[in-house]
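Written below as structure tokens is the structure these notes are about.
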Amino acid sequence: MNNDNKTKEKEIKATINACKLCSPLGASIVFRGVKNAMPLIHGGQGCSTYIRRYIISHFKEPMDIASSSFTEEATVFGGESNLITGIENVIKQYNPELIGIATSCLSETIGEDISLYVNKYLRNNIGKDNPKIVHVATPSYSGTHIDGFHKSVKAIIETLVKEKINTKSKKINILPGFLSPADLRYIKEVLEDFDLSFTMLPDYSETLDAPIWDEYKKIPEGGTSIDQIETMNNSVATIEFGKTISNEFSGAFFLEEKFGIKRFNLGFPIGIKETDQFFNILEKLSGLSTPNKHKLVRGRLIDSYVDGHKYLFGKKAVVYGEEDLVIGITNFLFEIGIIPIIVASGGNSGKLKDFIQNNGAYISNNEINILNGVDFSEIEEIAFNLKPDLIIGNSKGYKIARKLNIPHIRVGFPIHDRIGGQRILHVGYNGTQNLFDSITNALIEYKQENSPVGYSYI
Amino acid sequence: MSVEKIDIAEVKNELIKGYPSKVARKRDKQIVINKVEDDSVVPEIQANVRTIPGIITQRGCTYAGCKGVVLGPTRDIVNITHGPIGCGFYSWLTRRNQTRPENPNDENFMMYCFSTDMQEEEIVFGGEKKLKKAVQEAYDLFHPKAIGIFSTCPVGLIGDDVHAVAREMKEKLGINVFGFSCEGYKGVSQSAGHHIANNQLFKHVVGLDDTPPKGKYNVNLLGEYNIGGDAFELERIFEKCGINLVATFSGNSNYDKFANSHTADLNAVMCHRSINYVAEMMEKKFGIPWIKVNFIGAESSAKSLRKIAQYFGDKELIDKVEEVIKEELEKVDKVMQDVKSRCSGKTAMLFVGGSRAHHYQDLFREIGMKTLAAGYEFAHRDDYEGRRMLPHIRVDADSRNIEELDVVADEKRFKPRKTDEELAKLAKEGFDFKDYYGMMPEMENDTLVIDDISEHETQKLLEIYKPDIFCAGIKEKYGIQKMGIPCKQLHSYDYGGPYAGFAGAINFYNDIDRMVNSNVWKYVKAPWQASPELMGKFGIE
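Protein chains in written order, with the numbering used here: chain R, 1 to 458; chain B, 1001 to 1541.
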């Protein structure tokens, strides 16, 4: 390793221990964030089962995904009748307001024309109380779960938002990206504190983190309602988190192009600087100044930065996960003096390097490896040479932490070796405080456990 | 309502009445009210048929059964998923098999997830080139004894020939390389994948090493996957009894043991569904007889050990087995009685796997709990009704898709393990070979047997019966628990276990005790929900 800042070009090779998941998983999570909606994967039944299994292991919540259960026959003659039977059975059992169809690599490879099938189905069922049907193409040979996520948000908007209705709404749209239910609840609370009415899409803050039930719910309560989505073109602005989203996959870009709704594209609000930007825009949109409650949290956060500085400054961290999460965490690490020696993602937008290097606090002679489109075997190899002090990311990095015997702070998705992945607050002043305390205490604990003397006060 | 007062025919109606008529007709054949007649005759059940699109099923796919279930627990074969990234990622250690290499430096690739991570380019122009590179890369990194290639859905569609790549790379690298045509859309469930996996292991690995085994009583354990350390407990018991385990398919297994497995003198089958055909093929090709065993439940474990001892017919082994059983049951009994005092009379339902829904009923019985309903996720009719119905099984198009190997006796290696006189003697003692009688004859009358239960039916059952515990997998767990009913995962054991053998039985009793007698369920309703009148009264005063 030399001291250059580098991005790794991907050559043709096997992926060993991937740092990304597949596209229909992102789609399924988005559809679960729409009120009374049912996701349906058009493909083999294994996709639904695997993806359910994975989402459930993180959220520890029920997660139903229907399948069109392709057989060998359907792969030869097409999956139309499987899809229609699937839709009919979902309607009869679950009576959803929306069915979100994600096409798997199987149905995408054989080139299924979903809009043809769906239009035919709707024509044959005129007069019935049909659910809305949204289709998103999510072949797993293209992009990652994050692409599936953004594409689904856009597909929902494209399908449901029709002509502009001229009302004088002061509503805003918020497209938060792939955050935790705790993050979504926090963002809603902040918007309410600014007295803003809003549509958040998706909103799985309740559907994927529900209380115990009094009675069985066919579809968990909560989620963005269809009415709210249909009027997203009435809003004054759209706030969208995620710097690496391409215009092609951006719901906010679509709303701006088609309906002239101003798009604010922000980074994940993690750390003071990015959260300040978010609050700054909320001040402008609401005409109110930041409520005292949040000013106090911000003040406490900076106070804690000062208190904790001696534990953190100069420590070296490995950060990995989805690109926008990684950018957010890295921005925050710069603020608190931790050097992110590896910034890695299985995603490959091509934008990761720019956003990290353009951060004001970025120090160019630091040994910072920015790795796009990598797997854990590459992260591990580089990490071994660089001797990091901690790693920050989802459960899949545990193996590296264990080998290096360093603290592992779990953020993002999937988290299946700890409880409460859905309750981790990453964003805003509150989320940053949570991350700050977790990281600092993990380092203190490590020092304490490895110190032969003076371990009562560390 | 108490369980006795529930009208079971009415329950069945309730389960299927929400479906469109076509679906209802199909489900009608897969939901059966159990009735055991003389000579253990039970009603017919439809099983191993396609899940209807839009019905939310527990089932997975062929790839999952092949790569995850059968090859997943083997530590020293490098498994490469040929396909887009999802399938490889989702099958990366998710079955929670454990393994224990004999030496610290022995190969163990279980924590690795290899994928060709196919991109659009490969879908259009073919992925064989990338696959070859991946095999080469895996070889360069680890120099393993063997590499397996697993096909995902698009591979079959674009026509990549994984077997040709395997042959080519086998020749080039001089190690064993074999492919699996386990595309997810083949077959109706993961059961097809088990079959494809086992066929290939049988063709490419079994029989490669003729070294005679070292033990006196040499057996293979088939259909044991070492979830939660089950295999470790069984290995402990076998060793204590002096039984030599030549190979396990495939819990805590390795390549060399598979290669040498044809030298064993008996195949003991745990999960009949996933592997009975391997037992059959090994008998035809090598002359190894097979029996059904069950090491789930203390009594069943004892019975299975006795059966193995009886097969060998050696007094030394018979005595040793009795000694071990006595010693182990003493420990088990103490816990069993204690737990039984708190669990007796409680009710359970089990919907899982291809044998677990049957075997685990024994454990519940031992602590006085009654099974109200059970069913398999991917089993076939013989697993429900017993092997006696095999001649009547209808082979449909989906089953014909799965290759049946044409096996003949191996000229050099075929060796009958028992003489005709010995077999006659065993028969006289009432010893049965290939003795799987299925789940239904062991269940009570008027219990429900449901094949491939859906999410919708699960919730109905919970509402009607409110059982004290429900056994399923992670996909079902949290929906069930939201309804205030504990759910025991019998795929991953909720990361507990082992549950097999004697130590496993003790673990299971304790875990069930903890779940059904937990305090948490008392707090589900807040005081103002539990007695609204009281709160109202205080409000007025």
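C-beta atoms are modelled at their ideal positions from N, C-alpha and C, and glycine is treated no differently.
Exercise. Among R/R410, R/T440 and R/E283, which one has its Cα closest to the Cα of R/G337?
Worked result: Taking the Cα of R/G337 as reference, the smallest distance to any Cα among R/R410, R/T440 and R/E283 is reached at R/T440.
Exercise. Using the beta-carbon count (16 or more within 10 Å), is R/F376 buried or exposed?
Worked result: buried
Problem set entry | Counted within 10 angstroms of its Cβ, other Cβ atoms place R/E335 as buried (16 or more) or exposed | buried
For this session: Indicate whether at least one CB of chain B lies closer than 8 angstroms to the CB of R/Q277.
Result: Taking 8 angstroms as the CB threshold, R/Q277 stays off the interface with chain B.
Exercise. For R/C22 versus B/F1089, is the C-beta distance shorter than 8 angstroms?
Worked result: yes
Exercise. For R/T244 versus R/K353, is the C-beta distance shorter than 8 angstroms?
Worked result: no
Exercise. What separation, rounded to the nearest whole angstrom, lies between the Cα atoms of B/V1049 and B/A1472?
Worked result: 20 angstroms
Problem set entry | Coarse secondary structure for R/L296, derived from DSSP in three states | helix
Problem set entry | Segments of 4+ residues assigned as alpha helix (DSSP H) that fall wholly inside the segment 1235 to 1297 of chain B | 1255 to 1260 and 1272 to 1286
For this session: Would you tell me roughly how many angstroms separate the C-alpha atoms of B/A1197 and R/I239, rounded to the nearest one?
Result: 50 angstroms
Problem set entry | Per-residue DSSP class, three states only, for R/I458 | coil
Exercise. Is the Cβ of R/Q422 closer than 8 angstroms to any Cβ of chain B?
Worked result: no
Exercise. With 16 as the cutoff for other CB atoms within 10 Å, does B/N1519 come out buried or exposed?
Worked result: exposed
Problem set entry | Partners in chain R for B/G1497, counting only beta-carbon separations shorter than 9 angstroms | Simply none; closest approach about 17 angstroms.
For this session: Note down, in chain order, every chain B residue with its Cβ under 7 angstroms from the Cβ of R/E72.
Result: Taking the beta carbon of R/E72 as reference, the chain B residues within 7 angstroms of it are Y1185, K1186 and N1401, listed in sequence order.
Exercise. Whose C-beta lies closer than 7 angstroms to the C-beta of B/D1451 among residues of the same chain, with five residues either side of it excluded?
Worked result: Q1030, I1045, Q1046, A1047, G1375 and Y1376
Exercise. Straight-line CA distance for R/L425 to R/V411?
Worked result: So the two alpha carbons sit approximately 9 angstroms from each other.
Exercise. How long is the line joining the alpha carbons of R/A317 and R/K403, rounded to whole angstroms?
Worked result: 15 angstroms
Exercise. Just curious, the beta strand (DSSP E) that B/C1487 is in, first and last residue?
Worked result: Annotation: the continuous beta strand (DSSP E) that includes B/C1487 extends over C1487 to Q1489.
For this session: Go ahead and pull the three-state DSSP assignment for R/D375.
Result: Of the three classes helix, strand and coil, the one that applies to R/D375 here is strand, per DSSP.
For this session: Taking 8 angstroms as the cut-off, decide whether the C-beta atoms of R/I99 and R/P62 are in contact.
Result: Cβ distance not < 8 angstroms, so R/I99 and R/P62 don't count as in contact.
For this session: Please look up how many angstroms separate the CB atoms of R/P39 and R/S57, rounded, as I've assumed it's under 8 angstroms.
Result: The Cβ separation is near 17 angstroms, so there is no contact.
For this session: For B/D1117, count neighbouring Cβ atoms within 10 angstroms of its own Cβ and tell me buried if that reaches 16, exposed if not.
Result: buried
Exercise. Closest by CA to R/I391, which one among R/G44, R/K315 and R/H135?
Worked result: Of the candidates R/G44, R/K315 and R/H135, the one whose C-alpha sits nearest the C-alpha of R/I391 is R/K315.
For this session: Take B/A1264 and list the residues in its own chain whose beta-carbon comes closer than 8 angstroms to its own, dropping the five residues that flank it on each side.
Result: When the five nearest sequence neighbours on each side are left out, the beta carbons in the same chain lying within less than 8 angstroms of the beta carbon of B/A1264 are those of P1213, N1218, V1219, N1220, V1246, A1247 and I1288, in order along the chain.
Problem set entry | Between the CA atoms of B/L1015 and B/D1028 - distance to the nearest angstrom | 9 angstroms
For this session: Go through its chain and collect everything with a Cβ distance to B/I1474's Cβ below 8 angstroms, but skip five positions before and after it.
Result: Here the set comprises Q1489, H1491 and S1492.
Exercise. For the segment 1296 to 1317 of chain B, which residues have a CB atom closer than 8 angstroms to at least one CB atom of chain R, in sequence order?
Worked result: none
Problem set entry | Under the three-state DSSP convention, the category B/E1476 falls into | helix
Exercise. What does B/R1050 reach in chain R if we use C-beta pairs closer than 8 angstroms?
Worked result: S69 and T71
Exercise. Listed in chain order, which residues of the segment 1095 to 1120 of chain B have Cβ atoms closer than 7 angstroms to some Cβ of chain R?
Worked result: M1111, Y1112, C1113, F1114, S1115, T1116, D1117, M1118, Q1119 and E1120
Problem set entry | Partners in chain R for B/F1180, counting only beta-carbon separations shorter than 8 angstroms | Correct list: empty, because the minimum Cβ distance to chain R is about 14 angstroms.
Problem set entry | Any chain A beta carbon closer than 8 angstroms to B/M1336 | Absent from the structure: chain A. Protein chains present are R and B.
Exercise. Cβ of B/A1166 less than 8 angstroms from any chain R Cβ?
Worked result: no
Problem set entry | Expected contact under 8 angstroms - CB spacing of R/G44 and R/F70 to nearest Å | 5 angstroms
Problem set entry | In DSSP terms, what B/V1449 is bridged to | B/V1449 is bridged to B/V1032 and B/A1374.
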